[in-house]
Amino acid sequence: MDDERPVVLATRDTRVRDAVEAAAVTLGRAVRLAPDADAALAAWPHAALLLIGTDLAAALAAATPRRRPGVYLIGFPDGDAATWSVPLGAAVIPLPHGSPLLADVLAGQQVATGTVLAVVGGSGGVGASTLSAGVALAASGAGRGSALVEVDEQGGGLDLLLGAERVPGWRWPRLTGARGEVGDVRGLVPRVAGVSVVAMGRGEQPAPLPGDAVVAVLGTLARHHDLVVVDAGRAPVPVARHTVQGADQVLLVVASDARGVAAAAATAGQFAWDGAAAVVRAVPDGAAPEAVADALGLPLAGVLPHDPRLPRAAAEGAPPSASGRRWRRAAARLAQRALGEASDDR
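Per the UniProt record's numbering, residue 1 is the first one in the sequence shown, and the count goes up by one each step.
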C-alpha cells in the first residue's frame, strides 16, 4: 500500500473509531479522521483507503461520489451497512467479528487490482452475453486471469451459453450469502477454458441478487483476476444499474440498424455511467459504425462483424469460440483494450 496516501476513517461513532484505531496501531498504520461527509468527500479522490462508518453512509451516498476502489463500510449490527453497500460500491466489514478482515485491509492484503468491465445489451438479442463470454475467453487465452459474471437475472445462465451447465461449482444461489470481504472463490465456481464463471441458477424463478453480495463477489474476483467481465443484461434493475455505475469500464453493444440504435439510446438513458463506449454489431444494410457511435454520443470501442453462426451456436450451447475468426479477433481486441494493452491488428 502507498504509505504517502492516507487511510481515512469517516465516522462520528466512537466504537467504530476505537476499533479502527486499535487495529491501525497494531499494524503501525496512521489513520486520518474525517468527522463528517464533507471531510470524507474532500479525501475521496486521494485516500489510499476510505473506511466509512455506517453513521455517515447515508450522507455520503446522497452526494453520489465517483466510484473508486478501496472503499469499505464499517459498523456494528445496529447499523445498516447492507443498505449503503451498493450505492457506495463498498464492501462491508461487520464489527466486532470482522476485525481480522479489517486488519487485512489495513495491511494492504485485500486491494482489488483487476479491471471490472460491464457489458450492456443495447437491445434484446444483440449478443451482449456472447460478447461477454468471448472477451473473457480471449483474455484467458492470452494468459491473463479472467472471470465472467452474470448479473442479468433473466439471462438464463452463462454456463449454458458456454456449454458448461454440467460443470460442477457454485452458482449465484450458493453465493448470495456473501458479505464484506470474501475469500478466493476460484476453487468454488465453475471454470471454463481457464475462466472463472459466476452464473445464475436454474430451476426456480430467479430471486433478485442482493446488491451487497454482488459487491463482495466482484471484489474478490477483482483481487484474483486481471479482468472481470460482467454481463449486466439490459434491464435497469437496481443491481445491474449499480454494477454498471461501479465498473471500471462499460461497453454498450449496439446493432447497427435503425431499431438497434433507437433501442440502445433508450437503454443508455436508464443507466448512469462514466467512460462508456459503444461496440457496434454490424448487420446487413446497417449504418457505419462511426455513425452509430456518434448518434449515441459514445466513443467507438470496436466493431463485431456480422456472423450468422453465433445465434445458432448460442442456442446449442456452443461457446463463442465456434464463431468465425474475424469475430474472435474483434473480441480479443476488446479484451486487450480493457486490459490497457496495445492490440495486434495483424
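All C-beta atoms, glycine included, are put in the ideal place defined by N, C-alpha and C. Here the structure is a predicted model, which means the values were calculated and not measured.
query: Nearest-angstrom Cβ-Cβ length linking A277 and A138, presumed shorter than 8 Å; result: Actually they do not touch by this definition, with Cβ atoms about 17 Å apart.
query: Neighbour-count burial assignment, Q249, 16 or more Cβ in a 10 Å radius; result: buried
query: Cut-off 8 Å between Cβ atoms - residues of its own chain near A61, not counting five sequence neighbours on either side; result: W84, P87 and L88
query: Own chain residues within Cβ distance below 8 Å of T26, not counting five before or after; result: A103
query: Through-space distance from A37 to R12, alpha-carbon basis; result: 10 Å
query: With 16 other Cβ atoms within 10 Å as the buried cut-off, status of D152; result: buried
query: Contact under 9 Å by Cβ, L162 with V192; result: yes
query: N- and C-terminal bounds of the alpha helix (DSSP H) containing D294; result: P289 to L296
query: Whole-angstrom distance between L117 and W44, CA atom to CA atom; result: 22 Å
query: Proximity winner among G275, E165, A266 and I74, relative to A247 (alpha-carbon distances); result: G275
query: Beta carbon of residue 348 nearer than 9 Å to that of V253; result: Residue 348 falls outside the range modelled here, since the chain spans only 1 to 346, and no answer is possible.
query: L101 to I93 span [Cα, whole Å]; result: 7 Å
query: Nearest-angstrom beta carbon gap, V229 and V198 [assumed within contact, 8 Å]; result: Not quite, the Cβ-Cβ distance comes to about 11 Å (not below 8 Å), so this is no contact.
query: Proximity of V261 and A295 at Cβ, strictly below 9 Å; result: yes
query: L19 and P96 closer than 9 Å at C-beta; result: What sits at residue 19 in the sequence shown is Ala, not Leu. Cβ distance < 9 Å, so A19 and P96 count as in contact.
query: DSSP beta-bridge partners of D231; result: V119 and E150
query: Selection from A58, V7, L148 and A266 that minimises the alpha carbon distance to R29; result: V7
query: Whether M200 touches R234 by CB criterion (9 Å); result: no
query: Residue from P305, Q245 and G155 with nearest C-alpha to A272; result: Q245
query: Residue burial classification, L304 (beta-carbon count within 10 angstroms, cutoff 16); result: buried
query: Ranges of the alpha helix (DSSP H) found wholly within the UniProt domain "Rv3660c-like CheY-like N-terminal" (11–109), counting only runs of at least 4; result: 14–27, 37–43, 54–62, 81–88 and 99–106
query: Backbone CA spacing between D80 and A39 [nearest angstrom]; result: 21 Å
query: Close Cβ partners of L334 (< 6 Å) along its chain, the five nearest in sequence each way excluded; result: V135 and G302
query: Residue range of the unbroken beta strand (DSSP E) whose run includes R281; result: A276 to R281
query: C-beta contact flag for V279 and L73 at 9 Å; result: no
query: C-beta atoms of V167 and L175 nearer than 9 Å; result: no
query: DSSP state of V239 mapped onto helix, strand, coil; result: helix
query: Between the CA atoms of G122 and D285 - distance to the nearest angstrom; result: 18 Å
query: According to DSSP, residues forming a beta bridge with R191; result: S196
query: Burial state of A258 (16 or more Cβ within 10 Å); result: exposed
query: DSSP three-state assignment for Q336, whether helix, strand or coil; result: helix
query: Rounded distance between the beta-carbons of G169 and P190, thought under 8 Å; result: 4 Å
query: Candidates E21, G124 and E150, of which the one nearest L51 by Cα; result: E21
query: Sequence-distant residues of its chain with Cβ nearer than 6 Å to G145 (five each side left out); result: H225 and D226
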